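Here is the structure we will look at.
Numbering (our numbering), first residue to last: 2 to 755.
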């Protein structure tokens with residue numbers, strides 16, 4: 002090997018390394034050949050040493066270049082970095098090389114060098130049979146760009162952004178928000194958790210247009226209140242299950258139906274698919290790398306917990322029969338956050354809705370093909386992560402997940418400030434403690450006061466931003482009560498929160514926040530325990546939109562993209578990064594498909610070539626928002642592009658180019674449980690005692706800390722939270738709110754009797 006170059010690679014394959022005389026310049030070039038491959042790759046790599054590996058500066062970018070010849074389409078420029086704490090580690094694949102018989106130049110720009118990185122090393126990986134010959138490697142630091150930004154708002158706005166409450170209210174009680182590939186937003190209500198609407202069969206959705214600020218109410222065929230949803234590869238929205246029946250005192254709890262629908266953004270109509278194998282009220286929905294959708298959890302038609310996994314076939318456009326879907330017969334809970342990993346496995350982050358997490362450590366890795374589940378350690382207070390948020394941090398290539406906040410509606414303690422971060426590229430990944438969520442103010446019924454002690458929030462919304470950061474906003478301190486007013490921005494590079502302007506509206510249960518194509522964030526909903534609904538809509542303008550003129554993507558040569566491709570765009574001025582952001586499909590703090598995929602750049606003036614990942618598990622097929630970002634972190638308005646695999650992808654026996662990671666999991670491994678029908682679930686699964694008020698009202702089964710277990714104390718809390726007149730349903734009074742037994746809770750005589 003040449004000086005400062007080494008042989009590298011992994012996996013089961015046959016290979017040769019050689020120096021050949023047919024060089025691009027000089028007398029020799031390097032050649033790597035694979036003659037047989039089961040998995041892994043081989044590559045010539047700059048030696049990982051202080052004597053050889055180039056020094057880099059955190060926060061800067063570098064242009065890498067080489068000349069190559071290849072006889073395989075499966076070759077890519079691969080980058081490693083040296084972390085001053087963790088040592089050498091795989092960073093990312095930067096560019097898939099087109100096949101070339103003659104010497105061909107290739108250039109690519111690295112992502113911004115992360116904090117703590119002092120050196121990099123790189124080379125060409127061969128991960129399919131054939132050869133790659135390379136020569137004349139170059140590396141140049143990208144020059145410092147453009148003048149500093151100019152603030153276009155007040156000093157406070159430029160530091161913290163600003164919220165605006167829109168003049169037009171949301172016409173429906175929407176609890177599901179899906180950003181469509183035409184830039185509009187589908188807001189699904191169903192009955193909106195309203196017994197009156199349910200009994201009348203009044204089920205609604207609305208389509209919001211951010212450009213005009215208008216809403217179009219859409220007829221909705223079923224009560225999609227607390228359904229599951231995900232964008233399909235073609236841009237339509239798959240909506241699965243929903244509310245078949247509200248609870249009945251002394252009878253059943255919530256019930257989930259088997260029906261499933263697809264919403265078409267073009268016609269703005271729903272059409273029915275084939276049915277699911279089971280009912281699923283509150284199911285997960287995760288798109289896989291081949292465009293299939295996998296779903297777990299929720300409640301069945303008889304109110305018990307569903308242990309049936311469901312799989313939507315992208316090829317067949319239907320839900321597969323039960324016998325064609327691998328089953329663990331496990332109950333994953335309600336809205337379990339199942340995030341697709343870069344090798345096709347699923348990471349259950351521990352975020353969920355209602356009650357406790359899964360048994361054991363609270364998080365796990367599920368391998369569908371092997372049908373095994375492996376426990377993952379480190380998640381703190383695993384049984385107080387009810388309606389926490391989990392997000393795959395930018396960029397998706399880093400495979401790091403942040404889980405933040407949460408509570409427990411069963412015991413109803415004050416929600417927490419905990420955040421935990423996990424690096425799924427580690428051989429034995431485990432959660433480690435992240436910085437606590439900043440504290441804001443909380444309205445305990447007598448006006449806003451500062452949070453104290455360990456007080457944090459549940460009902461958290463987490464939104465990926467085009468500058469590579471995460472906005473967290475909204476929340477409440479207790480089960481459907483005590484809204485928390487706090488918003489902050491998390492920077493994955495520094496692992497720190499920056500408190501910014503807080504949404505002036507309460508955003509607790511049934512609220513959501515999501516990224517719009519223009520780079521703003523929209524927040525909607527709030528359904529406190531007294532049954533009311535907040536129809537006001539807030540929009541956040543981040544500081545990056547107050548830094549002067551934003552860059553513009555003036556053209557996208559092709560909006561249809563394939564994996565491993567190079568796509569050209571033009572911009573009106575220099576940009577330093579570009580990325581794909583999957584549009585939101587969020588409800589109940591849960592959007593496991595949300596992801597930010599970095600697109601390494603090759604820059605030639607205003608022409609920018611974008612290198613698309615060759616791994617569909619990093620960016621599952623579908624429509625994405627394409628942003629270009631300048632050196633000041635200012636993003637363009639998004640352009641929509643459609644990512645899908647070439648027809649040859651499905652027939653390719655070589656797996657997508659991934660490096661060995663999460664391959665030394667120390668946790669207990671479980672195979673399928675004994676086949677069973679369901680999991681028994683309490684009728685109070687939503688944390689509400691249905692003996693009081695109408696179905697839409699939630700009198701907590703456990704009152705917050707500080708509320709004494711007396712009629713007077715509990716009734717005073719209900720009054721502070723605007724519950725109004727509460728009838729008693731049936732003869733039972735488990736919370737002692739109707740001592741005089743006149744059928745009305747918290748009446749005057751009840752308080753005298755105490």
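Backbone N, C-alpha and C fix where the C-beta goes; we use that ideal spot for every residue, glycine too.
Note that the structure is predicted; figures quoted are calculated from it, not measured.
To which residues of the same chain is residue i closer than 7 Å at the C-beta, ignoring the five residues directly before and after it?
i, result
"residue 43", "10, 14, 16, 33, 35, 127"
"residue 4", "none"
"residue 625", "581, 582, 583, 642, 644"
Spatial neighbours of residue i within its chain, please: CB distance less than 8 Å, with the 5 preceding and 5 following residues excluded, ordered by chain position.
i, result
"residue 716", "738, 746, 747, 751, 752"
"residue 170", "536, 537, 538"
"residue 153", "159, 547, 548, 549"
Which residues share a DSSP beta bridge with residue i?
i, result
"residue 159", "DSSP output for residue 159 lists no bridge partner at all."
"residue 374", "367, 671"
"residue 94", "79"
"residue 110", "64, 602"
"residue 689", "701"
"residue 339", "349"
"residue 723", "Note: residue 723 sits in no beta bridge, so no partner."
"residue 473", "463, 489"
Alpha carbons only, please: which of the options is nearest the one belonging to residue i?
i, options, result
"residue 336", "312, 343, 248, 284", "284"
"residue 409", "395, 437, 356", "356"
"residue 383", "398, 373, 418, 400", "418"
"residue 740", "712, 78, 28", "712"
"residue 214", "269, 523, 239, 632", "523"
"residue 123", "317, 161, 55", "55"
"residue 467", "637, 18, 607", "637"
"residue 719", "296, 480, 183, 23", "480"
"residue 451", "483, 473, 435", "483"
Identify whether residue i lies in helix, strand or coil by the three-state DSSP scheme.
i, result
"residue 654", "Low confidence applies here, because residue 654 scores a pLDDT of 45, under 50, leaving its location unreliable and the question unanswered by this model."
"residue 593", "coil"
"residue 748", "coil"
"residue 485", "strand"
"residue 124", "strand"
"residue 12", "coil"
"residue 325", "helix"
"residue 576", "coil"
"residue 250", "coil"
"residue 284", "coil"
"residue 330", "coil"
"residue 198", "helix"
"residue 172", "coil"
"residue 101", "strand"
"residue 402", "strand"
"residue 738", "coil"
"residue 510", "coil"
"residue 17", "strand"
"residue 384", "helix"
"residue 47", "strand"
"residue 712", "helix"
"residue 115", "coil"
Go through its chain and collect everything with a Cβ distance to residue i's Cβ below 6 Å, but skip five positions before and after it.
i, result
"residue 416", "408, 457, 458, 459, 478"
"residue 261", "241, 274, 277"
"residue 411", "356"
"residue 574", "552"
"residue 423", "402, 430, 432"
"residue 48", "5, 7"
"residue 543", "162"
"residue 532", "697, 698"
"residue 155", "none"
Flag residue i as yes if its beta-carbon sits less than 8 Å from any beta-carbon of chain C, otherwise no.
i, result
"residue 258", "Chain labels in this structure do not include chain C; a single protein chain is all it has."
Is the segment 240-250 touching the segment 295-311 in the sense that three or more CB pairs, one from each, lie closer than 8 Å?
-> yes
Is the segment 321-332 touching the segment 724-743 in the sense that three or more CB pairs, one from each, lie closer than 8 Å?
-> Not touching, per the Cβ criterion.
Count the C-beta pairs between the segment 497-517 and the segment 545-565 that are closer than 8 Å, then say yes if the count reaches three, no if not.
-> no
Quick check: the segment 221-232 against the segment 186-197, are there 3 or more CB pairs under 8 Å?
-> Yes, the segment 221-232 is in contact with the segment 186-197.
For the segment 492-506 and the segment 666-674, state whether three or more C-beta atom pairs, one from each stretch, are separated by less than 8 Å.
-> no
Looking at C-beta atoms only, is the number of pairs between the segment 92-111 and the segment 671-682 that lie closer than 8 Å three or more?
-> no
Examine the Cβ distances between the segment 688-708 and the segment 325-345 and report whether three or more of them are shorter than 8 Å.
-> no
Three or more C-beta pairs closer than 8 Å, one from the segment 71-89 and one from the segment 116-136: is that the case here?
-> At 8 Å Cβ cutoff, the stretches touch.
Examine the Cβ distances between the segment 133-152 and the segment 175-185 and report whether three or more of them are shorter than 8 Å.
-> Output reads no: the segment 175-185 does not touch the segment 133-152.
Inspect the CB distances between the segment 128-137 and the segment 65-79 and report whether three or more fall short of 8 Å.
-> yes
Taking 8 Å as the threshold, find out whether the segment 368-384 comes into contact with the segment 436-453 through three or more Cβ pairs.
-> no
Does the segment 595-603 touch the segment 202-217, meaning 3 or more C-beta pairs lie closer than 8 Å?
-> no
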